[in-house]
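*Asks:* Below you will find the structure I want to go over with you.
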Amino acid sequence: MGDRGILNEGAKPGNFMVNQVSDHVFKLLMIDFAQCKFRKDFKDEEEWREWQAYHDEERAIGRVMERYLEEGFVYPADSLQQEAEC
1 MGDRGILNEG AKPGNFMVNQ VSDHVFKLLM IDFAQCKFRK DFKDEEEWRE WQAYHDEERA
61 IGRVMERYLE EGFVYPADSL QQEAEC
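Just so you know, we're using UniProt numbering here: the sequence shown kicks off at 1 and counts up by one.
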């Protein structure tokens, strides 16, 4: 989401739907923008990256999906989260 200039402060799996494009191709669609901030609202790149790392919406969803899908799915830490933990 951050790559698209969207920061979802209330990220959860229910904010998304999966659209099946073909037999083995799926597209993830965000359907709830109520608690979003947009890149254009931040003064500079540093402020934007700090907010991304703090909210870490991708990992928030990934961790919930780990519980739903149980074994066989592990969500890895991304580079922003690794920076925030240092």
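All residues carry an ideal CB built from backbone N, CA and C; glycine is no exception. If you're wondering where the values come from, they're calculated on a predicted model, not measured in any experiment.
1. ALA34: which of LYS27, GLY5 and GLU9 sits nearest, CA to CA?
2. I need the DSSP call for LYS37, collapsed to helix, strand or coil.
3. Which whole-angstrom value describes the C-beta separation of SER53 and ALA11, a residue pair presumed to lie in contact below a C-beta threshold of 8 Å?
4. Under three-state DSSP, which class holds VAL64?
5. Beta carbon of LEU28, beta carbon of PHE16: below 7 Å?
6. Output the boundary residues of the alpha helix (DSSP H) element that contains GLU50.
7. With a CB to CB cut of under 8 Å and the five nearest residues on each side skipped, what residues in its chain are close to VAL74?
8. Within 10 angstroms of its Cβ, does HIS24 collect 16 or more other Cβ (buried), or is it exposed?
*Replies:* Taking the structure as given:
1. GLU9
2. It is a strand residue.
3. Note on residue identity: the sequence assigns Ala, not Ser, to residue 53. That belief does not hold up - the Cβ atoms of ALA53 and ALA11 are roughly 14 Å apart, past 8 Å.
4. helix
5. Yes.
6. 45-55
7. GLU66
8. exposed
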